[in-house]
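Residue numbers (the working numbering): 1033 to 1389.
For every residue, glycine included, the Cβ atom is placed at its ideal position computed from N, Cα and C.
Owing to the predicted nature of the structure, the values given are computational and were not obtained by experimental measurement.
This is how it looks when you write it as structure tokens:
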């Protein structure tokens, strides 16, 4: 296996590939390290991450740990090169890949009818422990304190796991507690919580409100980058219907909601072109995000190509860039998620989610 070093202005890229493909955001795992960025496709089996280096002095240490000293020295020369892979530290590489995967899972896990949501407290606990393993690489002097604070409610989540995971949960809690004491970050006390069997999607479908006469209806894909992870069923489409009701044309929009602590309480849906000015607030009610709004008469005469629906969290996605999610890329993530639920090498959060199916 060889390593490509390519100088790009003031930055240097280190990769096992001659050229890196453009990837959808949900096909990229990231770890911010001192003087650079490590990144890779989490759905593919890889031995090493790729690196973008913008501060060679700060990055020197981890370059050697990841790629070996010979590669680190070559990067310092500031010229393109191709070298055989050196002797990095396998334990550090493994910890980096695990840490990046946990961050990816929190940001992009495709929860829905087939894939239960991941418990954010479990993800946070595992991320805090793994962050400690790579602390010296990270571009944040308080990374561990922040990670521990994010995992403050993990004791209750760990205590609620089924007996099959009790021993592993106890070990994780012990490590987390030791770290919290070392770094002066308080964890919450564990509280008895009943084990939930319905953490996945309570219902994957949407229902009709059949008041009035239906004028038009349709479905639309919800782009993953437009809504927070584990909010809307990753495989379901949003549904819209316009009905004539009491002399007015009323648009109703519904999208299947994921039962997750991370799920938003409301989203926005825009129907038709922006100049039409039709937006619906979708509020979460049990298994659905749903909402209604009257539409102007002009909406009834839109050509079918303009019967569009854009569902989003306005903080995440304030502007519509018109991009679509490639079907193949989404399927790649869904297939990967299916393997994680069954893999003994998966995170505790993923394996416990798999046990709930």
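Cβ-Cβ separation, residue j to residue i (assumed contact under 8 Å), whole Å
i, j, result
"residue 1084", "residue 1068", "6 Å"
"residue 1143", "residue 1266", "6 Å"
Rounded straight-line distance, which links the Cα of residue j to that of residue i
i, j, result
"residue 1245", "residue 1276", "5 Å"
"residue 1312", "residue 1285", "7 Å"
"residue 1118", "residue 1132", "22 Å"
"residue 1321", "residue 1270", "9 Å"
"residue 1102", "residue 1290", "48 Å"
"residue 1274", "residue 1342", "16 Å"
"residue 1282", "residue 1304", "14 Å"
"residue 1272", "residue 1280", "16 Å"
"residue 1071", "residue 1206", "30 Å"
"residue 1113", "residue 1038", "7 Å"
"residue 1157", "residue 1385", "15 Å"
"residue 1035", "residue 1048", "5 Å"
Beta-carbon proximity check, residue i vs residue j, cutoff 8 Å
i, j, result
"residue 1387", "residue 1194", "yes"
"residue 1211", "residue 1161", "yes"
"residue 1345", "residue 1259", "yes"
"residue 1169", "residue 1044", "no"
"residue 1124", "residue 1166", "yes"
"residue 1181", "residue 1153", "no"
"residue 1263", "residue 1357", "no"
"residue 1163", "residue 1187", "no"
Residue nearest to residue i in terms of C-alpha spacing, selected from the options
i, options, result
"residue 1315", "1324, 1213, 1173, 1033", "1324"
"residue 1120", "1081, 1147, 1133", "1081"
"residue 1353", "1257, 1292, 1363", "1257"
"residue 1074", "1137, 1145, 1343", "1137"
"residue 1377", "1108, 1061, 1165, 1130", "1130"
"residue 1369", "1383, 1357, 1358", "1383"
"residue 1373", "1261, 1389, 1331", "1389"
Coarse secondary structure for residue i, derived from DSSP in three states
i, result
"residue 1057", "helix"
"residue 1286", "strand"
"residue 1380", "helix"
"residue 1326", "strand"
"residue 1232", "At residue 1232, the pLDDT of 38 sits below 50, so the modelled position is not reliable and the matter cannot be decided from this model."
"residue 1247", "strand"
"residue 1047", "strand"
"residue 1077", "coil"
"residue 1011", "Residue coverage of the chain in this structure runs from 1033 to 1389, which leaves residue 1011 outside it and unanswerable."
Any non-hydrogen atom of the ligand SAH closer than 7 Å to residue i Cβ
i, result
"residue 1325", "The ligand SAH is not among the ligands present in this structure, which contains no ligands whatsoever."
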